[in-house]
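*Asks:* Numbering of the sequence shown is given in full-length UniProt numbering, commencing with residue 1 and proceeding in unit increments. Don't be surprised by glycine CBs; every beta carbon is placed ideally from N, CA and C. Take this structure first; my questions come after.
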Amino acid sequence: MNTINMVRNQKSAIREEMRNLLKQIPIDIIERESAIVSDKVLTSKEYLNNKICYVPRWNKDAMEMVRLLSYQDYISLPVNRWNIPEPSHDNNYEIGLAFDLQRNRLGHGKGYYDKYLAKCKNWAKENNRQLPKT
């Protein structure tokens with residue numbers, strides 16, 4: 001088996017293991033941990049200094065970012081099939097299936113964030129701008 005296929009198989013196995021582990025987490029712990037993350041976001045200097053906030057929206061095989069103007073915009077978002085608030089097609093915090101201690105992420109396997117972050121990197125380089133904070 002070549003190296004690329006070996007890595008794909010390992011990532012698939014890790015994804016499956018993480019999905020099984022995540023299913024075992026009780027809802028009260030999920031809610032508590034979600035509240036901690038929300039509090040960190042809402043009290044961050046970036047948020048408090050009126051930085052522009054975007055959230056991801058998937059469109060078939062691509063991801064785009066939608067600007068939020070307020071916290072009310074965020075809490076009014078419908079949730080997707082993973083129970084994640086997401087803008088509908090009518091109207092930059094990075095998510096992933098798992099992260100390691102070095103903040104590397106393992107996504108769900110479709111490459112949405114990888115493609116989007118590559119576009120961001122190219123845009124920043126071409127426009128001599130800093131990368132968006134994720």
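1. So Ile14 packs on Leu106, CB below 8 Å; how close in whole Å?
2. Would you kindly check if the distance between the Cβ of Arg57 and the Cβ of Glu86 is under 7 Å?
3. According to the Cβ coordinates, are Val55 and Tyr47 closer than 7 Å?
4. Once the 5 residues before and after Ile27 are set aside, which same chain residues still bring their CB inside 8 Å of it?
5. Run the CB neighbour count on Tyr116, radius 10 Å, all protein chains shown included, and call it buried at 16 or more, exposed below.
6. With DSSP as the reference, please indicate the residues paired to Trp123 in a beta bridge.
7. Taking the C-alpha atoms as reference points, what is the distance between Val7 and Met1?
8. Expressed to the nearest angstrom, what Euclidean distance is found between the alpha-carbon atoms of Lys110 and Asn49?
*Replies:* By the coordinates alone:
1. Sure, about 6 Å apart at Cβ, within 8 Å.
2. In this structure, Glu86 sits near Arg57, with a CB-CB distance shorter than 7 Å.
3. No, the pair does not count as a contact, with Cβ atoms beyond the cut-off.
4. Shown here for Ile27: not one same chain residue has a beta carbon closer than 8 Å to its own, the five before and five after excluded.
5. Burial call: buried.
6. Paired residues: none, contrary to the question.
7. Rounded to the nearest whole angstrom, the CA to CA distance from Val7 to Met1 is 10 Å.
8. Rounded to the nearest angstrom, the two C-alpha atoms are 34 Å apart.
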